[in-house]
Amino acid sequence: MRGERREEGNRKKAGGEGVKSEGRGGFRDLRVWQRAKILAVAIYKLTEEGRLAKDFGLRDQMQRAAVSVCSNIAEGDERGSDRESVRFFYIAKGSLAELITQLEIARDIEFISDQQLHPLEDECIQIGNMLGALIKARS
1 MRGERREEGN RKKAGGEGVK SEGRGGFRDL RVWQRAKILA VAIYKLTEEG
51 RLAKDFGLRD QMQRAAVSVC SNIAEGDERG SDRESVRFFY IAKGSLAELI
101 TQLEIARDIE FISDQQLHPL EDECIQIGNM LGALIKARS
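For the sequence shown, position 67 (counting from the first letter as 1) is numbered 67 according to the working numbering, and the numbering increases by one without interruption.
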């Protein structure tokens with residue numbers, strides 16, 4: 001019982017902007033997971049169009065990195081200890097860095113425009129900040 005209360009307290013502290021929201025419970029209530037899932041869907045939509053759709057290597061890497069972010073947040077939140085959770089949250093942050101790199105490469109080779117890059121890159125940075133707050137709260 002004490003561990004449950006401590007974890008709930010950590011979730012409330014984990015983001016000044018609030019990491020938990022009302023909902024079904026578990027990882028689905030984490031705002032950072034919700035935003036990461038929306039990002040993954042946006043990446044899938046982006047990679048279905050233009051020259052990027054034909055570059056199977058880069059397209060698949062971007063999709064895998066985006067899915068890895070929300071998947072690792074979910075897996076981390078479901079782990080039995082804060083220590084294990086934090087490990088998965090760090091993996092999610094690493095996947096965000098991969099995705100930003102891939103987005104910048106896609107822009108540099110003119111597969112996407114600056115107008116497509118910037119909002120996605122900004123969202124990656126914001127999700128990374130939320131993950132940083134969650135990591136700090138669970139550490």
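Beta carbons: idealized from backbone N, C-alpha and C, even for Gly.
What does the Cβ neighbour count give for residue i, buried or exposed, with the cut at 16 atoms within 10 Å?
{"i": "Ile-43", "result": "buried"}
{"i": "Ser-53", "result": "Here the sequence assigns Ala to residue 53, which means Ser is not the residue at that position. Exposed, by the Cβ-count rule."}
{"i": "Gly-80", "result": "exposed"}
{"i": "Asp-77", "result": "buried"}
{"i": "Ile-127", "result": "buried"}
{"i": "Phe-111", "result": "buried"}
{"i": "Ser-113", "result": "exposed"}
{"i": "Lys-45", "result": "exposed"}
{"i": "Gln-115", "result": "exposed"}
{"i": "Val-86", "result": "buried"}
{"i": "Val-32", "result": "buried"}
{"i": "Ala-40", "result": "buried"}
{"i": "Arg-51", "result": "exposed"}
By Cβ distance below 6 Å, which residues in the same chain neighbour residue i in space, the five residues on each side in sequence not counted?
{"i": "Ser-68", "result": "Ser-95"}
{"i": "Arg-35", "result": "Ile-127"}
Go to residue i, then tell me how far its alpha helix (DSSP H) extends in each direction, as first and last residue.
{"i": "Asp-55", "result": "Note, Asp-55: premise wrong, no alpha helix (DSSP H); not H, not E."}
{"i": "Glu-84", "result": "82-108"}
{"i": "Asp-122", "result": "114-138"}
{"i": "Ser-39", "result": "It should be noted that the sequence gives Leu, not Ser, for residue 39. Leu-39 -> alpha helix (DSSP H) spans 31-46."}
Grab me the residues of residue i's own chain with a C-beta within less than 8 Å of its C-beta, minus the 5 sequence neighbours each way, in chain order.
{"i": "Phe-89", "result": "Asn-72, Ile-73, Gly-76, Leu-131, Leu-134, Ile-135 and Arg-138"}
{"i": "Glu-104", "result": "Leu-117 and Glu-121"}
Please work out which residues of its chain come closer than 7 Å, Cβ to Cβ, to residue i, disregarding the five sequence neighbours upstream and downstream, and give them in chain order.
{"i": "Ile-100", "result": "Glu-121 and Cys-124"}
Against chain C, does residue i count as a neighbour if the rule is that its beta carbon must be under 7 Å from one of theirs?
{"i": "Ile-112", "result": "As a matter of chain content, chain C is missing from the structure shown, which is built from one protein chain."}
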